[in-house]
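For this note's numbering, count along the sequence shown from 1 and bump the result up by 173. Where is the CB? At the ideal position from N, CA and C, for every residue including glycine. All values reported here derive from a predicted model rather than from experimental measurement.
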Amino acid sequence: MIVLVLFLFFAYCCVFFIYFGRNSSLLDIQGPVLLVTAHPDDECMFFSPVLLSLYKRDIPVDLLCLSSGDYYGAGRVRSEELKYSANLLGIRHLMVIQDANLPDNPDRQWPSGCVFEHICKAARSWKSKSIISFDSLGVSGHQNHCYIHHALNEKSHLFGDVGIYCLKTLGILPKYCIFLAIVLALVENRRNVFCTPLSLIRLPHKAMLLHKSQLMWFRYLYILLSSYMYINILLPLKKSHKR
């Protein structure tokens with residue numbers, strides 16, 4: 174009985190990924206795309222499904238990482254690890270920021286103006302037409318993630334025609350139960366759902382393993398259980414009308 178249930182669940186997941194992989198619409202997301210993260214490993218921990226979906230459709234993606242992840246003094250090592258992960262995930266260009274105003278520290282506020290300045294510089298340099306980053310809850314709740322969203326939201330009116338999309342934070346249960354995440358995805362607008370292509374299903378795990386300095390025991394559990402390895406839900410940021 175248990176084997177039958179597992180088989181049916183596996184079959185259901187395959188059908189789900191095939192359906193969304195072939196039928197998801199990316200018309201709203203124009204390339205080049207700029208992904209903005211806070212730390213090395215954010216790109217594969219949270220954004221692998223959308224990165225690989227865009228890669229499969231030949232939409233170029235560039236990565237701006239706003240810190241080197243130097244909280245424990247391993248910033249140089251983590252920046253090197255990020256290069257390998259970004260290459261595996263099909264990232265076109267990579268920039269890692271080292272700015273004293275943007276430390277890898279959840280207890281330090283990141284000034285919106287400083288975050289905005291770095292994002293604008295990267296977007297101009299790479300001619301970005303869309304930006305992807307965290308929502309207001311920051312997926313994991315890390316304040317550095319939240320400050321990126323705060324800056325994008327506060328300065329959204331200054332980005333002109335550039336589309337801004339935020340990764341939806343899942344509750345604790347769907348975050349670690351793929352079945353519940355699939356249920357949530359089914360009630361979302363299909364255009365907002367991105368799944369890791371079946372042909373690339375192992376790449377998120379491989380990318381995570383390239384961040385060797387971060388592989389504590391709980392990271393292995395995350396790799397095994399996290400729905401963010403397989404499903405992303407992106408929501409467009411409604412721009413303000415400040416002048």
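Going straight from the alpha carbon of proline 213 to that of serine 252, what length do you get? 6 Å
With distances taken between CB atoms, is the gap from proline 377 to methionine 402 smaller than 9 Å? yes
Unbroken beta strand (DSSP E) run spanning valine 288, endpoints: Here valine 288 belongs to no beta strand (DSSP E); instead the alpha helix (DSSP H) covers 285 to 299.
Can you tell me where the beta strand (DSSP E) holding methionine 268 begins and where it ends? 267 to 269
Is it right to say proline 284 is buried, meaning 16 or more other beta carbons lie within 10 angstroms of its own, or is it exposed? exposed
Euclidean distance between Cα positions of tyrosine 338 and methionine 389: 31 Å
Separation of cysteine 217 from serine 258, as counted between CA atoms: 7 Å
As assigned by DSSP and simplified to three states, the class of glycine 248: helix
N-terminal and C-terminal residue of the beta strand (DSSP E) that tyrosine 401 is part of: Counting along the chain, tyrosine 401 falls outside any beta strand (DSSP E), and DSSP gives it neither H nor E.
Report the rounded CA-to-CA distance for serine 241 versus alanine 296, giving the unit in angstroms. 19 Å
For phenylalanine 219, which of helix, strand or coil comes out of DSSP? helix
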